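Heads up, the sequence shown is in my numbering, so the first residue is 76 and it goes up one at a time.
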Amino acid sequence: MSTDENVRFAVVGCGHIGKRHAEMISRNPESELVALIDIKDRSELGIEQYDVPFYTALEDYLNDEPDADVICICTPNGLHAEQGMKCLLRKKHVVVEKPLALNRSDAEKLIHTSLQANRQVFGVMQNRYSPPSVWIKEVVDSGKLGDIYMVQLNCYWNRDKRYYTKDSWHGDKELDGGTLFTQFSHFVDIMYWLFGDIKDITCRTADFNHKDLTDFEDSGLAQFTFEEGGMGCINFSTSVWQQNMESSMTIIAEKGSVKIGGQYMDKVELCNIQDYEMPELEPTNPGNDYGAYKGSAQNHHFVIQNVVDVVKDRGDITTNALEGLKVVDIIERIYESAKRRKEQ
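Below you can see the structure in the form of structure tokens.
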């Protein structure tokens, strides 16, 4: 692609996140929105500002000889892999919202298809772009902390009947997949990005106040060791009353301690590192506001810019498909441990 051409995008799924993609594509001076796709009627979706062709099925769009270079998959989790493969086979790059898939097998098939088609799969892990994440990545990679001893990830959010509504795919086992997949996979991604793979997993889950709302757990405690040394845990719940509480990461290491907290892991609450003075960071973007409930930081513009840079052959993928596969793999193994525990 020549550097003066716009990268053309289509978006599949016009819910909260799909509309966010459409908005960021429209704002980017080097990208162009060429189509929107959703099973709902256009009039129900609140997309009247986009004067582009609209389709009610991905297959209809793909059969219409589409002119997109990239297709963003913003549909329910359980559809990501299948729809991504269909787009890849039509020689389109794909941006797949988190999670890449709901199991290792489907994620592997998606990656295999991308290699066959010679097209890219971009994962969406927008928390990597937040200033605290960029900063702690440099601190860890530079060795300033020395050996990692302990890492604690706490994810305590509110997701109640305002979120798990009767007409939504949220809470459905086949389409949603579970709390770690839909709510907290981007925090699992940050942990993997910083500290690598995990092993020796033990997990217990519970369903406290979502028994009538979802097909799966609302809370869990997972413990493990890192392949590269140190031990860690993930404590998570969507049972918090009324509003989000926190997403935080505490790191205890040989040469210092760090805690990144706030609702969206957006604030450095403690930095005590040997012979190190923390720089002043850029402010973190606010969380996505969905009215009754809140989501992670608004960093999708970074995702779209990264896609543009890669398609124009002037940059590397920030979150590649293999990393997306590892996040799916880690979550699947955590759930497998919880299942084994319940069967004992």
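Where is the CB? At the ideal position from N, CA and C, for every residue including glycine.
The structure presented is a predicted model; accordingly, all values stated were derived computationally and were not measured.
For V109, the enclosing beta strand (DSSP E) covers residues 106-112. Rounded to the nearest angstrom, the Cβ distance from N229 to E321 is 6 Å, consistent with a contact under 8 Å.
According to DSSP, T277 shares a beta bridge with Q298.
Relative to the Cα of D275, the nearest Cα in the group D251, M306, D247, K286 belongs to M306.
Residue pairing by DSSP puts L228 in a beta bridge opposite I309, M324.
Distance from the CA of G90 to the CA of A97, rounded to the nearest whole angstrom, comes to 10 Å. Here DSSP, grouped into helix, strand and coil, assigns Y136 to helix. Taking the Cβ atoms as the reference, V171 lies roughly 6 Å from G198, within the contact range of under 8 Å.
Just measuring C-alpha positions, the residue of V343, M200, V383, H245 sitting nearest T359 is V343. Taking 8 Å as the cut-off, the beta carbon of Y231 is found no closer than this to the beta carbon of V127. Here L288 is not near G252, since their CB atoms are 8 Å or more apart. In the assembly as shown, E407 is a buried residue. Its beta-carbon has 16 or more other beta-carbons within 10 Å. When DSSP states are grouped into helix, strand and coil, R203 belongs to the helix group.
A97 is bridged by DSSP to nothing; it lacks a bridge partner.
One Cα belongs to Y130, the other to E329, and the distance between them is close to 55 Å. According to DSSP, K334 shares a beta bridge with T325, L345.
Boundaries of the beta strand (DSSP E) around H168: 168-171. For the pair of segments examined, the region 109-120 was found to touch the region 132-141: the number of CB pairs separated by less than 8 Å reaches three.
The closest CA to that of G153, considering only F256, S217, V383, is found on F256.
Contact annotation, L269 with V215: C-beta distance approximately 5 Å; criterion of less than 8 Å satisfied.
The residues I112, I114, in chain order, have a CB closer than 8 Å to that of A132 in the same chain once the five nearest residues on each side in sequence are set aside. In the three-state reduction of the DSSP assignment, I392 falls in the coil class, being assigned neither a helical nor a strand state. Beyond the five residues adjoining it in sequence on each side, R179 comes within less than 8 Å, by CB distance, of L400, V403, D404, E407 in the same chain, given in chain order.
Annotation for A182: the continuous alpha helix (DSSP H) segment containing it runs 179-192. Cβ-Cβ distances below 7 Å link A176 to H155, A156, A182, L185, V403 in the same chain, with the five nearest sequence neighbours on each side left out; the list follows chain order. Your pair R194 and T393 does not check out as a contact, with CB atoms roughly 17 Å apart and the cut at 8 Å.
Judged by DSSP in its simplified three-state form, I406 adopts helix.
Under DSSP, V145 forms a beta bridge with F84, H168. In the DSSP assignment, F262 falls within the unbroken alpha helix (DSSP H) covering 260-270. Between G88 and I146, the C-beta gap is not smaller than 8 Å, which leaves the two residues out of contact.
Taken through DSSP and simplified to helix, strand or coil, I223 comes out as strand.
In terms of CA proximity to K414, C278 leads the group R234, R102, D116, C278. Residues of the same chain with a CB within less than 8 Å of the CB of Y224, apart from the 5 flanking positions on each side, are G305, M306, I327, A328, E329 in chain order. Straight through space, the alpha carbons of V382 and E398 are spaced by roughly 16 Å.
Taking S101 as the centre and dropping the five residues before and after it, the same chain places the C-beta of L108 closer than 6 Å to its C-beta, in chain order.
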